[in-house]
Amino acid sequence: MEDKRREELKDIIDEINRLEKNISFYEDEIDVAMDTLEFLYSFHCHRISFDGSSDEGEFRENVPINLRDNDIKEVEDLIEEKLRNQIEEYENEISKTYQKLSELLK
Numbered sequence: 003m004e005d006k007r008r009e010e011l012k013d014i015i016d017e018i019n020r021l022e023k024n025i026s027f028y029e030d031e032i033d034v035a036m037d038t039l040e041f042l043y044s045f046h047c048h049r050i051s052f053d054g055s056s057d058e059g060e061f062r063e064n065v066p067i068n069l070r071d072n073d074i075k076e077v078e079d080l081i082e083e084k085l086r087n088q089i090e091e092y093e094n095e096i097s098k099t100y101q102k103l104s105e106l107l108k
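In terms of the numbering used here, the sequence shown is residues 3 to 108.
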């Protein structure tokens, strides 16, 4: 009986550790998104760059694209919207994870 309880507790501890790692991951992702937003607010953007790979495995990085004045605001607004959506999704995942933690600790 004691072995069974010990195994149950071990499983709960493992799940708690996994959930804590998930929270840490999402918090780190929020920090990255917030840093990018801060960059958008602090600097006047005039060029963006892309990284990518082809189906054949070819990889290119830092492919620059110059922006014209009328494109800059549109691109910045789109990036800001996407980052805010990401942050909201990550915050929702953190909330769900805390709910799971709370249920485990009852």
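Ideal placement from N, C-alpha and C gives every residue a C-beta, glycine not left out.
What you are looking at is a predicted structure, and each value in this text was computed from that prediction instead of being measured.
Point to revise | Identity of the residue in E76, D33 and Y28 nearest R49 by Cα | key: E76
Review point. If you compare alpha carbons, which of I14, Y28, K23 and L39 is closest to E82?
Key: L39
Review point. Got a sec, what are the start and stop residues for the alpha helix (DSSP H) F45 sits in?
Key: Here F45 belongs to no alpha helix (DSSP H), and DSSP marks it neither H nor E.
Check your understanding: Near S55, which residues of its chain fall below 8 Å by C-beta distance, leaving aside the five closest residues on each side in sequence?
Key -> F61 and R62
Practice item. Leaving out five residues on either side along the sequence, give the residues of the same chain with a beta carbon under 6 Å from the beta carbon of T99. Key: L21, N24 and I25
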